[in-house]
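Quick note on numbering: the sequence shown equals residues 57 to 187 in this note's numbering. From the three backbone atoms N, C-alpha and C, an ideal C-beta is built for every residue, glycine too. Everything numeric in this text was worked out from a predicted model, so none of it was measured.
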Amino acid sequence: VEKYRDKKPPSPPVQEFVPKDATLEEQLDDLYDRAPEAAQKFHAFCRRSLRDIGLDPDVVMLEQADKTWCAYTEGPLKSRERAEEKARDDYDGDGRRLVDVVRGAIVVDNEDDLEVVVKRLNEPYVAKEID
């Protein structure tokens, strides 16, 4: 687990759906207009990826008083307020670089499963499955 903790992902690419000179508000409007379709594809991809490696995405892994976590749990969209803050603070106001508006969580209970999940998600062809 420790070997994955300090890994910093590369800087996200610029999404070319809106012109570079669009305002941050316009960029976020476009991003949130496309978010429901992206969420559907992302969640299906994550569930399929777990099934492909022999894990049941719907098995309960953790129960807390107010939340149940399955092997895969869909998360809410990042709030627009937080997205705007992140674009301003981390990407010099360029909302086209936001790549984490759609969210979900994968939970495993041992390091072997963690390694298999990370390996699966890092396979070169896997990200193309979302397109």
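Does the Cβ-Cβ distance between residue 160 and residue 98 come in under 9 angstroms? The residue you call residue 160 lines up with position 104 of the sequence shown. The residue you call residue 98 lines up with position 42 of the sequence shown. Contact flag set, yes.
Taking C-alpha atoms, which residue in 106, 172 and 145 lies nearest to residue 129? Walking along the sequence shown from the start, residue 129 turns up at place 73. Comparing Cα positions, the closest option is 106.
Measuring CA to CA, which of 151, 138, 136 and 127 is closest to residue 165? Here residue 165 refers to the residue found at position 109 of the sequence shown. It is 127.
With DSSP run on the structure shown, which of helix, strand or coil describes residue 118? As a working mapping, residue 118 is identified with position 62 in the sequence shown. The answer is strand: DSSP assigns residue 118 an E or B state.
On the premise that residue 158 lies in contact with residue 95, defined as a C-beta separation below 8 angstroms, what is that separation, rounded to the nearest angstrom? Your numbering for residue 95 matches position 39 in the sequence shown. Your numbering for residue 158 matches position 102 in the sequence shown. About 4 angstroms; that satisfies the 8 angstroms criterion.
Beta-carbon proximity check, residue 177 vs residue 139, cutoff 9 angstroms: One-based indexing of the sequence shown puts residue 177 at position 121. One-based indexing of the sequence shown puts residue 139 at position 83. No.
Beta-carbon proximity check, residue 118 vs residue 163, cutoff 9 angstroms: Counted from its first residue, the sequence shown places residue 118 at position 62. Counted from its first residue, the sequence shown places residue 163 at position 107. Against a cut-off of 9 angstroms, the Cβ pair of residue 163 and residue 118 comes out as a contact.
Segment limits, alpha helix (DSSP H) that includes residue 143: One-based indexing of the sequence shown puts residue 143 at position 87. Counting along the chain, the unbroken alpha helix (DSSP H) around residue 143 starts and ends at 136-146.
What is the rounded straight-line gap between the Cα of residue 125 and the Cα of residue 145? For the purposes of this step, residue 125 is taken as residue 69 along the sequence shown, with counting starting at 1. For the purposes of this step, residue 145 is taken as residue 89 along the sequence shown, with counting starting at 1. Their backbone Cα atoms lie some 31 angstroms apart in a straight line.
Within the continuous alpha helix (DSSP H) that includes residue 100, where are the two ends? Translated into the one-based positions of the sequence shown, residue 100 becomes position 44. DSSP places residue 100 in the uninterrupted alpha helix (DSSP H) bounded by 80-108.
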